[in-house]
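Letter 73 of the sequence shown, counting from 1, is numbered 72 in numbering that gives the first Met the number 0, and no numbers are missing. Glycine included, each C-beta is placed from N, C-alpha and C at the ideal position. These numbers were taken from a predicted model, which means no experiment stands behind them. Here is the structure we will look at, set down as structure tokens.
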Amino acid sequence: MILEAFYMKGLDDIDIVNLPPAEIQARTIAKNVSVIPTFFVYALFLPLLMVLHFCHQPSQEKVQAIIFYFLLKPIRWIWYKIVIFVCRLLISGN
Numbered sequence: 000m001i002l003e004a005f006y007m008k009g010l011d012d013i014d015i016v017n018l019p020p021a022e023i024q025a026r027t028i029a030k031n032v033s034v035i036p037t038f039f040v041y042a043l044f045l046p047l048l049m050v051l052h053f054c055h056q057p058s059q060e061k062v063q064a065i066i067f068y069f070l071l072k073p074i075r076w077i078w079y080k081i082v083i084f085v086c087r088l089l090i091s092g093n
């Protein structure tokens, strides 16, 4: 289960009907591995979000939106592309 904040429809919805099994496996691995660096970045900003939540809620929501859409989602997308590239190399190498 992926946190709602980390969910990206293009990455998380895998077409298991029209893709070969090797591609499905590569995409599943990339989907799961790309969450790891995203979670670490989220964990770095979580104390800031908690402080802002207790001090000033409207600014916390704005900062959270900026972090999610301009930091976390691009990081997840980049790591997904890196992992899928490596998985495809390993699959084609066999």
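Sub-8 Å separation of residue i and residue j beta-carbons
| i | j | result |
| --- | --- | --- |
| L71 | V50 | no |
| I66 | F38 | no |
Contacts around residue i, its chain only, beta-carbon distance under 7 Å, and the 5 residues preceding and following it disregarded
| i | result |
| --- | --- |
| V82 | I28, A29, V32, S33 |
Buried or exposed (CB count within 10 angstroms, at least 16 for buried), residue i
| i | result |
| --- | --- |
| Y79 | buried |
| C86 | buried |
| L10 | buried |
Chain-order list of residues whose beta-carbon lies under 6 Å from that of residue i (same chain, five-residue window excluded)
| i | result |
| --- | --- |
| R26 | I13 |
Own chain partners of residue i with C-beta closer than 8 Å, once the 5 adjacent residues on each side are dropped
| i | result |
| --- | --- |
| L47 | V62 |
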